[in-house]
Amino acid sequence: MGPRVTDAPALSVTNLSKRFGGALALDHVALEVRRGEVHGLLGSNGSGKSTLIKILAGFHDPEPGGEVRLYGRKVPLPVPGARVREMGLAFVHQHLGLIPSLTVMENLALGDLATTHNWGISWRAEEARAAEVFARYDLALDPRREVFTLSPVEQALLAIVRAVEDLRTASKEPGVLVLDEPTPFLPRAGVEQLFRLVRAAKDEGASVIFVSHDVDEVREITDRATILRDGKLIDTVVTADTSHDAFVERIIGRAMTAYGGAGKARPNAEPLAEVVELTGPGLGPVSLEVAEGEILGLTGLIGAGYDAVPALLYGARNATGGRLRLAGQSIRLDTMEPPEALARGIVYLPADRMGAAGVGSLPVSDNIGLPVLERLRRAAGLFDRDIRQHAGSLGARAGVKPNAPELPLSALSGGNAQKALLAKWLQVEPRLMLLDEPTQGVDVGARQDIWDALDGAAEGGAAILIGSTDYEQLAQLCHRVLVFARGRIVEELTGERLDKDAIAEACFRSTTLTAAAE
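Structure below.
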């Protein structure tokens, strides 16, 4: 017999597992969140944090044999996603789930809007309710403002208040609020404001799961914390009794001072590309250089800013300042646009494979042929067979399987789609390659093919920038790795310090370095 409902923890997870194909992403994990506690959930990328949260939210079905209880009551598995709030769970994910074009009070009332006709809602009453709610949490939010006019901090606070209020109205219990990486894009003052709101929710009886990469923030806001690694439960600790280094050692699985391996020697060449004082939203100023034949890694925790650099250099996002010196020419980055970048020999492969890097509904041949359409144009027009033949030749060289250029890109596996998109850019023989998470979501074989292709491009003289949180990939591919925190470069790793554990350690140490600098 389990504990009495009145004595039971707010959330109890037992023996929870999840497989994706042959990979065990979550391996018999247990978690207990007490009533009225703020509980941290930490781990590196691939540790199982996201999988666990998605199971609790009803996005993933767990393997048989696991159990989830809320306030002592058994939760049906898979979790019925439509009933999570009624059962006592609410989630605030990194992208918040707000509708920018609606007002603050309309976003606050979204739960009611989903079940009520617009004419059944008194907006005067909703405005008064919103004002009362914000006053209770000491928040200066205007219910009539449109959400897109709010600052990132205000939007995060609104999302959390909405989740807490939904729990108050939908559940008989105080509820469990899950904050999934809520702070990475917030300035320090915003983080402190968010923490005040978390403490207020705790004071009202709610339990909070705080999912984060930031060890210092976890130590500041949580009572206890659970660490996952490689899909397994490593430890649950009392936060006040656990040092920063002890957390990091549990996260990466070894003492912080232990290093192994050696990075590749940097090419003995002059810089091919030099970035000078690059600035953008939440970034900079950042200056760096990369030599001909060099692969330079950029990394950091979520929200550190490293992933903005490739997009800003290509003009896919708007830089606010800075210059790029490329092959003897100085280029303004605040006016850079993708056509100019491509004309100068710069290519960019975004992380969003089907949304930004390629067009999933179009044939593989169209995706590969896009940069060289003019070369394939005939006097009488452009023939599909020419594009297909060209794409088939490149696909065979890149190891795309099946090598069927007429198939839509979305029909390929993640790894084969990425190989096709990489082949698209390698055919133009770029000077500077900018890549964001190039092996994310690909299988081991495709991953090696992509590494080989990038190594070959570097040997051919290209300068390559890779933004990634795959520490093993960075350690094996890169000549140097730059670690970012809060929009700036805080550390450079080379030589013997360039292995996956040293990179992970530097990323988790980075928040301490920037805090000391400030």
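Note that full-length UniProt numbering has the sequence shown beginning at 1, numbered continuously upward.
Cβ coordinates follow ideal geometry from the N, Cα and C atoms, glycine included.
Close beta carbons around residue i, own chain, < 7 Å, minus the five adjacent residues each side
i, result
"Phe20", "none"
"Thr257", "Unreliable placement is indicated for Thr257, whose pLDDT of 45 sits below 50; the coordinate value is still reported in the next sentence. Cβ neighbours of Thr257 beyond the five flanking positions: none."
"Val290", "Pro271, Leu272, Ala273, Leu296, Ala463, Leu465"
"Val359", "Asn367, Leu409"
"Glu63", "Ser17, Lys18, Arg19"
"Val191", "Thr183, Glu217"
"Thr222", "Val38, His39, Gly40, Phe210, Thr239"
"Ser361", "Pro408, Ser410"
"Val75", "Val68, Arg69, Met87"
"Ile503", "Thr299, Tyr471, Leu474, Ala475, Val481, Leu493"
"Leu157", "Leu139, Gln193, Leu194, Leu197"
"Ala446", "Gly415, Asn416, Gln418, Lys419"
"Ala391", "Val364, Ser365, Ile368, Gly369, Pro405"
"Asp7", "none"
"Ser243", "none"
"Ile53", "Val178, Asp180, Val211"
"Cys507", "Thr299, Gly300, Leu301, Val483"
Residue i vs residue j beta-carbon contact at 8 Å
i, j, result
"Val490", "Val481", "no"
"Val161", "Gln193", "no"
"Ala109", "Asp166", "no"
"Val309", "Met433", "no"
"Ala159", "Leu102", "no"
"residue 520", "Val400", "The requested residue 520 does not occur in the structure, where the chain is confined to residues 1 to 518."
"Arg431", "Ala311", "no"
"Ser468", "Thr299", "yes"
"Gly65", "Pro80", "no"
"Glu206", "Val164", "The identity of residue 206 in the sequence shown is Ala, whereas the question assumes Glu. Result yes, Cβ atoms of Ala206 and Val164 sit closer than 8 Å."
"Asp436", "Asp307", "yes"
"Val92", "Asp180", "yes"
"Gly461", "Gly345", "no"
"Thr236", "Arg224", "yes"
"Thr51", "Ala25", "yes"
"Ala304", "Arg136", "no"
"Leu454", "Gln427", "no"
"Lys202", "Gly36", "yes"
"Leu313", "Leu333", "yes"
"Leu77", "Val104", "no"
Own chain residues within Cβ distance below 6 Å of residue i, not counting five before or after
i, result
"Glu472", "Lys500"
"Glu32", "Pro9, Ser12"
"Ala398", "Lys419, Ala423"
"Asn15", "His28, Gly65, Gly66"
"Glu337", "Gly315"
"Pro350", "Ala356, Ala357, Asp436"
"Ala458", "Gly293, Ile295, Ile464"
Residue i - partner residues in DSSP beta bridges
i, result
"His39", "Ile209, Arg224"
"Pro408", "Pro363"
"Thr467", "One point to set straight first is that residue 467 is Gly, not Thr, in the sequence displayed. Note: Gly467 sits in a beta bridge opposite Leu298, Asp436."
"Phe20", "Ala23"
"Ala485", "Arg488"
"Ala90", "Leu177"
"Glu67", "Thr14"
"Thr494", "Its beta-bridge partners do not exist; DSSP assigns none."
"Val33", "Leu11"
"Lys49", "The partner list for Lys49 (beta bridge, DSSP) is empty, contrary to what the question assumes."
"Lys74", "Arg69"
"Thr103", "Glu146"
"Arg199", "None; Arg199 has no bridge partner."
"Arg480", "Leu296"
Cβ shell of residue i (< 8 Å), same chain only, five flanking positions each side left out
i, result
"Ile450", "Gly415, Gln418, Lys419, Leu422, Pro438, Thr439, Val442"
"Thr279", "Pro285, Val286, Ala319, Thr320, Gly321, Gly322"
"Ile99", "Glu106, Asn107, Leu110, Val147"
"Tyr259", "With a pLDDT of 35 at Tyr259, under the threshold of 50, the modelled position of this residue cannot be trusted, and the question is left open."
"Lys49", "Leu41, Leu42, Gly43, Val211, Leu228"
"Gln155", "Leu96, Leu98, Val147"
Three or more C-beta pairs below 8 Å linking the segment 392-408 and the segment 357-365: yes
Alpha helix (DSSP H) runs contained entirely in the segment 322-356, provided each spans 4 or more residues: 338-343
Validate contact between the segment 215-234 and the segment 129-137 using beta carbons, cut 8 Å, 3 pairs: no
The segment 231-245 contacting the segment 195-211, beta-carbon criterion three pairs below 8 Å: no
Every unbroken alpha helix (DSSP H) within the segment 138-189, with a cutoff of 4 residues, ordered by chain: 152-170
The segment 247-254 / the segment 64-77 touching (three or more Cβ pairs under 8 Å): no
Uninterrupted alpha helix (DSSP H) stretches inside the segment 230-300 (no shorter than 4 residues): 244-252
Cβ contact check for the segment 135-145 and the segment 172-185: 3 or more pairs under 8 Å: no
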